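In the numbering used here, the protein residues as written are 1 to 193. Glycine included, each C-beta is placed from N, C-alpha and C at the ideal position. None of these values were measured; they are calculated from a predicted model. Written below as structure tokens is the structure these notes are about.
Take a look at the structure:
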């Protein structure tokens with residue numbers, strides 16, 4: 001039963017990442033939590049194990065999607081470079097923080113993030129003209145916060161909302177995939193360590 005749930009969650013998450021650039025964590029974390037509940041893992045650690053495993057799985061799905069988007073030239077490399085330092089530092093710090101948090105708090109962070117992101121996506125936004133790209137300090141600050149949140153939840157769902165303010169639509173998904181990839185590497189490594 002647990003293998004079937006893992007396969008279903010993985011297939012859905014991989015499809016979602018390829019289409020939207022993000023969102024796999026919102027499927028994988030609950031799916032893995034459910035699948036792991038049928039195995040011999042201690043129930044107190046299931047959610048942390050699911051988040052950590054999601055980052056490992058995200059490495060594979062994001063790497064495949066990254067390659068496809070790079071071939072299609074749908075990655076804004078200047079934005080990717082600006083996202084890098086903060087995303088890497090934030091993801092490592094967030095994963096380290098998650099290992100010290102109580103599982104119930106981590107679950108609440110995940111739920112609050114999913115609900116707030118859903119509410120933001122459901123609100124209708126006025127069409128506005130693209131803003132000028134912010135300073136490097138803004139990129140680093142926001143990408144650090146996004147890295148911490150991604151490491152805590154297994155999801156990089158805020159990244160496309162940030163990028164759509166500055167990039168054309170055809171570059172948002174590819175750049176989001178690239179950004180989520182560089183968040184998954186330090187998060188997975190930190191959880192593993």
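Tell me which residues share the same chain as residue i and place their Cβ nearer than 7 Å to its Cβ, disregarding the 5 neighbours each side in the sequence.
i	result
residue 110	29 and 153
residue 56	188
residue 118	none
residue 67	none
For the alpha helix (DSSP H) holding residue i, just list the boundary residues, first then last.
i	result
residue 72	Taken as a continuous stretch (DSSP letters only), residue 72 belongs to no alpha helix (DSSP H), as it is neither H nor E.
residue 39	Looking at the DSSP string, residue 39 is not in any alpha helix (DSSP H), and its letter there is neither H nor E.
residue 156	No alpha helix (DSSP H) holds residue 156; DSSP gives it neither H nor E.
residue 186	169-192
residue 120	103-122
Taking Cβ positions only, does residue i come closer than 9 Å to chain D?
i	result
residue 100	Of the protein chains in this structure there is only one, and it is not chain D.
Could you give the distance in angstroms between the alpha-carbon of residue i and the alpha-carbon of residue j?
i	j	result
residue 71	residue 34	36 Å
residue 54	residue 105	18 Å
residue 151	residue 79	20 Å
residue 166	residue 131	6 Å
residue 46	residue 103	8 Å
residue 74	residue 65	11 Å
residue 27	residue 169	24 Å
residue 86	residue 51	20 Å
residue 179	residue 77	10 Å
residue 136	residue 142	10 Å
residue 114	residue 133	27 Å
residue 108	residue 171	32 Å
residue 194	residue 145	Any property of residue 194 remains undetermined from this structure, which presents the chain solely from 1 to 193.
residue 99	residue 48	7 Å
residue 192	residue 4	24 Å
Less than 8 Å between C-beta atoms, sequence neighbours within five positions excluded: which residues of the same chain meet that for residue i?
i	result
residue 148	90, 91, 93, 94 and 97
residue 63	181
residue 88	147, 182, 183, 185 and 186
residue 43	37
residue 116	none
Can you name, in chain order, every residue of its own chain whose Cβ lies under 6 Å from the Cβ of residue i, other than the five neighbours on each side?
i	result
residue 190	92, 95 and 96
residue 83	143 and 179
residue 174	69, 74 and 75
residue 139	82
residue 122	none
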